[in-house]
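Asker: Below is one structure. I have some questions about it.
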Amino acid sequence: MNFADLQVFKSVVDEGGVIRAASKLHRVPSAVTTRIKQLEASMGVKLFHRDKQRLHLSPAGELLLGYAERLIQLSDEARDVVSGTTPRGTFKLGALESTTASRLPPILAGFHSRYPDVRLELITGTNDQLLGQLAERKIDAAFIAEPPSGQAFEHIPIFAERLTLISSADHPPIKRPRDIEGLSLIAFPEGCAYRRVLQRWLGVDSLVSFRVLELSSYHAIVACATAGTGIALMPESVLEAMPQVKLRQHPIPKAQSHVTTPLVWRRGEISPSVLALRTLLASQPKQKNAA
Numbered sequence: 001m002n003f004a005d006l007q008v009f010k011s012v013v014d015e016g017g018v019i020r021a022a023s024k025l026h027r028v029p030s031a032v033t034t035r036i037k038q039l040e041a042s043m044g045v046k047l048f049h050r051d052k053q054r055l056h057l058s059p060a061g062e063l064l065l066g067y068a069e070r071l072i073q074l075s076d077e078a079r080d081v082v083s084g085t086t087p088r089g090t091f092k093l094g095a096l097e098s099t100t101a102s103r104l105p106p107i108l109a110g111f112h113s114r115y116p117d118v119r120l121e122l123i124t125g126t127n128d129q130l131l132g133q134l135a136e137r138k139i140d141a142a143f144i145a146e147p148p149s150g151q152a153f154e155h156i157p158i159f160a161e162r163l164t165l166i167s168s169a170d171h172p173p174i175k176r177p178r179d180i181e182g183l184s185l186i187a188f189p190e191g192c193a194y195r196r197v198l199q200r201w202l203g204v205d206s207l208v209s210f211r212v213l214e215l216s217s218y219h220a221i222v223a224c225a226t227a228g229t230g231i232a233l234m235p236e237s238v239l240e241a242m243p244q245v246k247l248r249q250h251p252i253p254k255a256q257s258h259v260t261t262p263l264v265w266r267r268g269e270i271s272p273s274v275l276a277l278r279t280l281l282a283s284q285p286k287q288k289n290a291a
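Taken in order, the sequence shown gives residues 1 to 291; the numbers are from our numbering.
Here you go:
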């Protein structure tokens with residue numbers, strides 16, 4: 001198996017057959033067919049099921065396609081990085097909803113202006129969802145809520161955030177965990193790093209003993225807390241984007257409230273687009289740090 005065979009294989013899959021792949025590759029169909037047969041022989045498996053004039057991927061072909069796509073992408077990235085090529089193609093960026101709403105609009109606008117050849121796709125999710133998508137190569141980089149553990153990822157700190165408890169405007173002060181006994185908690189589903197911070201402040205391993213209203217939108221969480229449904233923990237930067245909302249903030253100790261949002265990517269796989277985003281972030285005015 002060699003790299004050229006993988007390129008031919010992927011072209012046949014993308015084009016839906018040998019003849020169209022041959023046209024795209026500027027080769028005769030017999031040469032493409034020979035390449036596919038050589039690849040199958042070298043691997044000892046059938047990559048396609050042949051049905052008259054159509055080819056269908058076999059289970060082994062499905063497996064190989066994922067690896068072929070990754071190797072071809074890495075080859076393209078290596079060429080672009082070494083040659084200094086301007087970023088292009090699709091850039092799949094993940095981010096927390098809070099970061100998307102409060103931090104990213106000017107950054108994304110600047111990136112789009114500088115790199116018009118990049119098609120930017122933004123995917124939001126919880127901390128753990130985004131790390132999972134990054135590991136599975138469904139996204140290229142992500143803004144998450146806490147530095148990742150292990151050696152699979154690289155990261156740099158970007159935004160300093162301060163977390164605060166929120167409640168309805170007429171709620172009594174909350175100074176310690178026992179002050180919320182009997183109250184409902186409003187939080188993102190499992191996998192949210194800020195939910196884990198709330199658990200640490202409460203001194204529990206999980207929230208199963210509490211009444212928890214799980215929502216997937218900060219606007220919905222703020223609306224419910226303002227209406228007196230319960231209390232929630234969220235970044236102050238999100239609240240700064242909602243100055244019209246009337247609620248009460250309750251500070252928690254610095255050990256729990258001060259967090260840093262990192263930009264994360266797979267170790268050893270930084271693409272031109274991720275590198276360009278890092279450079280753009282470094283040139284931005286410093287965001288207001290948590291004090």
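For every residue, glycine included, the Cβ atom is placed at its ideal position computed from N, Cα and C. From a predicted model like this one, the values you see are computed outputs, not experimental measurements.
Using DSSP with H/G/I as helix, E/B as strand and the rest coil, what is residue 217?
Answerer: Looking at residue 217 - three-state DSSP - the assignment turns out to be coil, as it is neither helix nor strand.
Asker: Between the C-alpha atoms of residue 227 and residue 167, what's the straight-line distance to the nearest angstrom?
Answerer: Computed Cα separation, rounded: 8 angstroms.
Asker: Please go through the same chain and pick out, in chain order, the residues whose beta-carbon is closer than 6 angstroms to the beta-carbon of residue 123, but skip the five residues on each side of it.
Answerer: For residue 123, where only same-chain residues beyond five positions count, the Cβ hits under 6 angstroms are 94 and 139.
Asker: Identify every residue that forms a DSSP beta bridge with residue 249.
Answerer: 166, per the DSSP bridge assignment.
Asker: Which ranges does the alpha helix (DSSP H) cover as unbroken runs of at least 4 residues, wholly within the segment 12-43, from first to last along the chain?
Answerer: Correct list: 18-25 and 29-43.
Asker: Just mark residue 217 as buried or exposed, buried being the case when its beta carbon has 16 or more other beta carbons within 10 Å.
Answerer: Exposed.
Asker: Three Cβ pairs or more, each shorter than 8 angstroms: is that satisfied between the segment 152-160 and the segment 255-275?
Answerer: Yes: at least three Cβ pairs fall under 8 angstroms.
Asker: So, with DSSP's three-state summary, where would you put residue 198?
Answerer: Reduced to three states, the DSSP call for residue 198 is helix.
Asker: DSSP on residue 183, reduced to helix/strand/coil?
Answerer: If DSSP states are grouped into helix, strand and coil, residue 183 belongs with coil.
Asker: With three or more beta-carbon pairs closer than 8 angstroms as the criterion, would you say the segment 52-66 touches the segment 14-29?
Answerer: Because the criterion of three Cβ pairs below 8 angstroms is met, the segment 52-66 and the segment 14-29 touch.
Asker: Given a cut-off of 9 angstroms on the beta-carbon distance, is the pair residue 91 and residue 267 in contact?
Answerer: Taking 9 angstroms as the Cβ cut-off, residue 91 and residue 267 do not qualify as a contacting pair.
Asker: Enumerate, from N- to C-terminal direction, the unbroken beta strand (DSSP E) stretches of 3 or more residues contained entirely within the segment 63-132.
Answerer: If we require 3 residues or more, the beta strand (DSSP E) runs fully inside the segment 63-132 come out as 89-95 and 118-124.
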